[in-house]
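The structure appears below as structure tokens.
There are 2 protein chains.
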Amino acid sequence: MDAEIITIGEELITGHTTDHNGAYIARTLTDLGFSVRRITSVGDSLEAMEEVFRDALRRVRVIITTGGLGPTDDDITKKAIVRLFKRNLIYHEEVLEDIRRRYAERGIDMPAINQNQALLPQGAELFTNKLGSALGICISEQGRIFISLPGVPVEMRQIMNDSVVPYLQGINKGPSLFVRKLRTTGIIESKIAEMVVPELDLPEGVRLAYLPAYSGVDLRLYAEADNELEAREKVQAVERYLEKVCGKYIYGYDLDTLESVIGQLLTDNDKTVSVAESCTGGELGRQLTSVPGSSAYFVGGVLSYTNQAKIEKLGVHPDVIGEHGAVSEECARAMAEGCRHEFATDYAVSITGIAGPSGGTEEKPVGTTYIAVASAHNTRVKLFRLGADRSVNRHRSVYAAMEMLRREILDID
Amino acid sequence: MDAEIITIGEELITGHTTDHNGAYIARTLTDLGFSVRRITSVGDSLEAMEEVFRDALRRVRVIITTGGLGPTDDDITKKAIVRLFKRNLIYHEEVLEDIRRRYAERGIDMPAINQNQALLPQGAELFTNKLGSALGICISEQGRIFISLPGVPVEMRQIMNDSVVPYLQGINKGPSLFVRKLRTTGIIESKIAEMVVPELDLPEGVRLAYLPAYSGVDLRLYAEADNELEAREKVQAVERYLEKVCGKYIYGYDLDTLESVIGQLLTDNDKTVSVAESCTGGELGRQLTSVPGSSAYFVGGVLSYTNQAKIEKLGVHPDVIGEHGAVSEECARAMAEGCRHEFATDYAVSITGIAGPSGGTEEKPVGTTYIAVASAHNTRVKLFRLGADRSVNRHRSVYAAMEMLRREILDID
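Protein chains in written order, with my numbering: chain Y, -1 to 411; chain C, -1 to 411.
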């Protein structure tokens, strides 16, 4: 069944607030098997709101709005609703009593302005708001369902989960949707497409999207079918194909991150890691320790920004830097091995590169980065050219380093 | 002048990605004096896209889209554009050469699929993408301006800043708008409002917005006037007032960042800094070294995640940890002083805290963080309670630490 989401507020269309509500509702509806066709943000203007509402009602059967239900003058969603559905606002004494009681519990006299919150469209089903004074409003008319929720995220989410989801579960009779994300890194979008496309034969109702980021490319599969089981089976067939043609680049699924996958691998194998960072200045350590519980395997690290720090803190021999430079295979190797020794860890990862914007040469342009992973058995070093943008090449370095570490732990090339 | 933003991608309407691009473009357009009427997210469907494009062209003069410009099959924005504007796709040899050259610089053979990226709508103005292969496309027809940008956020932002903003500045002929941002940290939104509001008397045409983030609160001033000089003068009057009432919290203006301000202070005073990070795992070092040229003052650091690393790498006495714990005023002090000694820097900053989600106690709940700044004269330590969310409290720690460093350099309290 088709749905649209409309988020209301001047702060959205001026860009001062990012629309997290829209994504939350979209994800919830998608999980329920609805197909969301659009998410529209619109300001606090009655005309604009009415136009957006009217157009959406023409296109889809279910509409959910957020925002504009507060008690102040700029909250006019209810006004737009009663104009659109040609209904009156009715005063609900029991709603006002409930709001008054809630204020009393906090030891506050209810501000008079809250009386507005008890005025609600005639004939609407009302959804309880446990955390605030703006109730959810649900109007069902001529095969259309129009639901308005407050814009405060925690209130919206409470009403979604407690009232809207059960309400909609009874209604959706359309095809089920199943979504699966395969997460890859170390390969660019167009390369992976070249590996995937030749023999790819997507079953009816299945779509594949490539979602590139500097951290890697996600392959997202969507399947529509009559029921969830069927949708899931359709996805799984494609998933197996993708694993066959590019499995080596797939580090995880759905909510996995590269750092959480590494954390799990280290924990499972009872191993530890340390880091020696030059150009990334701490970004690798930060990423690895963003995982709750990372203290079980992350021991520590050195930010060796200067040559002296590389020599003194990591035991890199001055001649290595003198002969090959701080950005060299030899220096990366010495940093990783020195770090592993200093912190007595099973693995150590080093990054040394030219982040830029200055410092590049013809031979070693900005973005030139050596990454090494040292283990008990050996030390692997790889050269990467990660582009001229400082923030981008640092970010890419961290993901390249994590991927080298993952492969070292798994002993794959 | 009215504008609309359309963001494209299945991941948006399924709610798997939050639409940060829409907000970024909306903010940029608002700053340029445009009125954004709607932000619409739509999936990778040609029909839906065409309908959204067509409707927007009826309503407003400027439209900016993001997404769907990649080389793979699910990227169909160009197809929708040529259908809508009845144009052909033209092959641009020089664009392909440029993409090929960029791949070569990274030592990668350009995948053949990238040839698609050189097919661009006839008669469009093209905006250079310095970070990727999808150019910005700008079509001007019958008083309408239609701009398509890639969906990768850094690429979109680069093209917005370098090409779209200058292009649109030449077009918007409304009243002049002057925008000034005062950047504060170390104080919450409602507190700063309490300081600002009592005597605030905003001149006609001036608006003040509070923009809270975890890194601090920006005070954004907008002034509209017949010409830029007048708008600027209106803003400056309010700016002087704000500096009077809350100047101590203002660390910079407009494009300043806390790390860039610190970098300038250290450079100007010919001083150096090092860091000792426990719970933040490298995020402070990363932030300080995100500034180009930071090697002039950032020497290095230790990620002392374990107690042993604090003892061995920073010279923290085991008794300090034994008696007071690793998250204590005494340990933070010893870490900062040890770090300053180890790296022989003018300043050293340490962070030790309980990032969570586990590890909290009644006395030291998750979010408890001690931050110290050591200098030649003294060591200051402060206790912060930064909330239960791991990612948020780490982020707040880094900003609190940088603000302590800034104040130490300036010798203000």
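The beta-carbon is built from N, C-alpha and C at its ideal position, and this holds for glycine as well.
Does residue i have its Cβ less than 8 Å from a Cβ in chain D?
i	result
Gly298 of chain C	Although the question refers to chain D, the structure presented lacks it and instead comprises the protein chains Y and C.
Can a CB atom of chain Y be found closer than 8 Å to the CB of residue i?
i	result
Ala46 of chain C	yes
Tyr239 of chain C	no
Gly20 of chain C	yes
Leu253 of chain C	no
Ser161 of chain C	no
Gly283 of chain C	yes
Gly385 of chain C	no
Ala307 of chain C	yes
Glu9 of chain C	yes
Thr343 of chain C	no
Val390 of chain C	no
Pro173 of chain C	no
Thinking just about the alpha-carbon of each residue, which of the options is nearest to the one in residue i?
i	options	result
Glu128 of chain Y	Y:Gly121, Y:Gln120 and Y:Val150	One point to set straight first is that residue 128 of chain Y is Lys, not Glu, in the sequence displayed. It is Y:Val150 whose Cα lies nearest to the Cα of Lys128 of chain Y.
Tyr239 of chain Y	Y:Ala229, Y:Ser292, Y:Val195 and Y:Pro210	Y:Val195
Tyr397 of chain Y	Y:Asn267, Y:Val215 and Y:Asn376	Y:Val215
Ile6 of chain C	Y:Gly357, Y:Leu209, Y:Thr287 and Y:Leu263	Y:Leu209
Gln156 of chain C	Y:His393, Y:Asp387, Y:Tyr303 and Y:Leu408	Y:Asp387
Gly250 of chain Y	Y:Arg218, Y:Leu198, Y:Asp268 and Y:Glu228	Y:Arg218
Asp96 of chain C	C:Met108, C:Asn86 and C:Leu87	C:Met108
Ala116 of chain Y	Y:Thr70, Y:Leu10 and Y:Ala132	Y:Ala132
Ala78 of chain Y	Y:Thr63, Y:Leu253 and Y:Ile106	Y:Thr63
Tyr369 of chain Y	Y:Val50, Y:Gly168 and Y:Glu335	Looking at the sequence itself, residue 369 of chain Y is Ile, so the reference to Tyr does not match. Taking only the C-alpha atoms, the option nearest Ile369 of chain Y is Y:Glu335.
Gly357 of chain Y	Y:Leu312, Y:Cys277 and Y:Val347	Y:Cys277
Glu9 of chain C	Y:Met(-1), Y:Gly20 and Y:Glu8	Y:Gly20
Ser302 of chain C	Y:Arg181, Y:Ser292, Y:Gln140 and Y:Ser33	Y:Ser292
Which residue comes first and which comes last in the beta strand (DSSP E) that contains residue i?
i	result
Val297 of chain Y	Phe296 to Ser302
Phe83 of chain C	Where Phe83 of chain C is concerned, there is no enclosing beta strand (DSSP E), although the alpha helix (DSSP H) it sits in stretches over Thr75 to Phe83.
Thr366 of chain C	Thr366 to Ala372
Val271 of chain C	Val271 to Glu275
Val347 of chain Y	Tyr345 to Gly351
Tyr251 of chain C	Ile248 to Tyr251
Between residue i and chain C, is there a C-beta pair that is closer than 8 Å?
i	result
Phe339 of chain Y	Checking the sequence shown, residue 339 of chain Y turns out to be His, not Phe. Not one chain C Cβ lies under 8 Å of His339 of chain Y.
Thr304 of chain Y	yes
Ser39 of chain Y	yes
His14 of chain Y	yes
Asp411 of chain Y	no
Thr367 of chain Y	no
Ala24 of chain Y	yes
Arg99 of chain Y	no
Lys269 of chain Y	no
Gly279 of chain Y	yes
Pro109 of chain Y	no
Lys362 of chain Y	no
Lys311 of chain Y	yes
Pro119 of chain Y	no
Pro316 of chain Y	no
Counting along the chain, where does the alpha helix (DSSP H) carrying residue i start and finish?
i	result
Ala1 of chain C	Unbroken run through Ala1 of chain C is the beta strand (DSSP E), Asp0 to Ile6; no alpha helix (DSSP H).
Gly261 of chain C	Leu256 to Asn267
Tyr397 of chain C	Arg388 to Leu408
Ser188 of chain Y	Glu187 to Val194
Val318 of chain Y	Pro316 to His322
Thr38 of chain C	No alpha helix (DSSP H) holds Thr38 of chain C; the beta strand (DSSP E) holding it covers Ser33 to Val40.
Going by DSSP, name the residue or residues bridged to residue i.
i	result
Leu206 of chain C	C:Leu219
Arg52 of chain C	Its beta-bridge partners do not exist; DSSP assigns none.
Arg378 of chain C	C:Val371
Phe176 of chain C	C:Ala221
Val60 of chain C	C:Ala1 and C:Ile143
Ile137 of chain C	C:Phe144
Tyr464 of chain Y	This structure gives no information on residue 464 of chain Y, because the portion of chain Y shown stretches from -1 to 411.
Pro119 of chain C	C:Leu87
Leu198 of chain Y	DSSP lists no partner for Leu198 of chain Y.
Phe341 of chain C	In the DSSP output, where bridge partners are listed per residue, Phe341 of chain C has none listed.
Flag residue i as yes when its Cβ comes closer than 7 Å to any non-hydrogen atom of the ligand GTP, and as no otherwise.
i	result
Ala223 of chain Y	Of the ligands one can find in the structure shown there are none, so the ligand GTP has no counterpart to examine.
Give the residues from the region 70 to 86 of chain C that approach chain Y closer than 9 Å (Cβ to any Cβ), ordered along the chain. Listed by position, the residues of the region 70 to 86 of chain C near chain Y (Cβ gap below 9 Å) are Thr70, Asp71, Asp72 and Asp73.
Name, going along the chain, the residues of the region 188 to 219 of chain C whose beta-carbon falls closer than 7 Å to a beta-carbon of chain Y. Listed by position along the chain: Ala207 and Leu209.
Scan the region 135 to 146 of chain C for residues whose Cβ lies nearer than 8 Å to a Cβ of chain Y and list them as they occur along the chain. Of all residues in the region 135 to 146 of chain C, none has a Cβ within less than 8 Å of some Cβ in chain Y.
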